[in-house]
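**Q**
Numbering (our numbering), first residue to last: 10 to 94.
1. What is the DSSP secondary structure of residue 22, reduced to helix, strand or coil?
2. Using a Cβ-Cβ cutoff of less than 6 Å, which residues in the same chain neighbour residue 67 once the five nearest sequence positions on both sides are dropped?
3. Going straight from the alpha carbon of residue 55 to that of residue 44, what length do you get?
4. Whole angstroms are fine: how far does the CA of residue 39 sit from the CA of residue 60?
5. Who are the Cβ neighbours of residue 147 in its own chain at under 7 Å, not counting the five residues just before and after it?
Pasting the structure below:
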């Protein structure tokens, strides 16, 4: 079942936020490689890139990557951002 970004609760519902978290956690060079190559069993044995192409919510893809890569809970919300002024 496809989910749109408006269907998920919580943080990280935009594709741009997914990529910001990926680059923050894994680096700009490795993030796209990981998204292309890491198979996520919890999402039906597809890669992150395939899951996103299939319409899976970026938040769900990010959390699956966090589980698979054993990212600590405190880093799963993504980078801290400066408040807008």
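The C-beta atom is built at its ideal place from N, Cα and C for all residues, glycine as well.
For clarity, every value in this text was computed on a predicted model and none was experimentally measured.
**A** Result, derived from the coordinates:
1. Here residue 22 refers to the residue found at position 13 when the chain shown is read from its first residue. If DSSP states are grouped into helix, strand and coil, residue 22 belongs with coil.
2. Against the chain shown, residue 67 aligns to sequence position 58. Only 24, 27 meet the Cβ criterion.
3. Taking the first residue of the chain shown as 1, we reach residue 55 at position 46. Taking the first residue of the chain shown as 1, we reach residue 44 at position 35. Taking the straight line joining both Cα atoms gives about 10 Å.
4. One-based indexing of the chain shown puts residue 60 at position 51. One-based indexing of the chain shown puts residue 39 at position 30. Roughly 18 Å separates the two Cα atoms.
5. Nothing can be reported for residue 147: it is not among the residues displayed for the chain, which extend from 10 to 94.
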